[in-house]
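In my numbering, the protein residues as written are 79 to 283.
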């Protein structure tokens, strides 16, 4: 399954990708030029699942170029930074770009509120995010690349959405508690991640 990571520059797209691929040192990253790719293989419901995650440039200068990477995308993961108002305000523009670029009609979009570890710098509340998510009709989840909080849930939600499953707009209580409680007790059996990364994007074909 092909998924694409979108959002403004510096929101943490590359850091999330690095965290999912097992990179331990999540220090400052350089801006992505064009796109990068990583393959994540995991066991879910006793089946081996592969997701090809594409990391795209967030700078305005590259926005028109990243459209070529949307071919075959099953789900878009739209990331913003809870300490950066502009990244949140630009969600509408990104939604339009995704809808125009994706060759799948009604491409599902998962909103990711990143950097929840920055508690003192938070300027976008969970209530405001929930309101916006309902307005856009896009499920959302909060996460942190630095602490890895919410990343496995992000992966599973994206996988389910890419397969056409209906996911609640705010899955925190209605969905996650029901479906992930057992995973917390059986992480090794339920969700086993193995990853590979190809800087040239060859791993994703």
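The beta-carbon is built from N, C-alpha and C at its ideal position, and this holds for glycine as well.
Practice task
Could you check the C-alpha separation between residue 80 and residue 243 for me, to the nearest Å?
Solution key: Taking the straight line joining both Cα atoms gives about 16 Å.
Problem - Sequence-distant residues of the same chain with beta carbon closer than 7 Å to residue 245, five excluded per side - result: 217, 235, 238, 239 and 253
Problem - Element boundaries [beta strand (DSSP E), containing residue 207] - result: No beta strand (DSSP E) contains residue 207, which is instead part of the alpha helix (DSSP H) from 204 to 214.
Exercise for the section: Please name the residue or residues paired with residue 191 in a DSSP beta bridge. Expected result: 158 and 220
Problem - Identified DSSP bridge partners for residue 153 - result: 81
Problem - Three CB pairs or more closer than 8 Å across the region 157 to 170 and the region 111 to 128 - result: no
Practice task
Determine, using beta carbons only, whether residue 169 and residue 131 come nearer to each other than 8 Å.
Solution key: no
Practice task
Could you check the C-alpha separation between residue 223 and residue 123 for me, to the nearest Å?
Solution key: 25 Å
Exercise for the section: Just tell me which of 173, 231 and 121 has its CA closest to the CA of residue 154. Expected result: Ranking 173, 231 and 121 by Cα distance to residue 154 puts 173 first.
Exercise for the section: Please list, in chain order, all residues of the same chain as residue 171 whose beta carbon is under 8 Å from its beta carbon, the five residues on each side excluded. Expected result: none
Exercise for the section: Tell me whether residue 240 counts as near the ligand HEM, meaning its Cβ is closer than 7 Å to at least one heavy atom of that ligand. Expected result: The model on display carries no ligand, and the ligand HEM is accordingly not part of it.
Exercise for the section: Out of 203, 188 and 85, state which residue places its alpha-carbon closest to the alpha-carbon of residue 194. Expected result: 203
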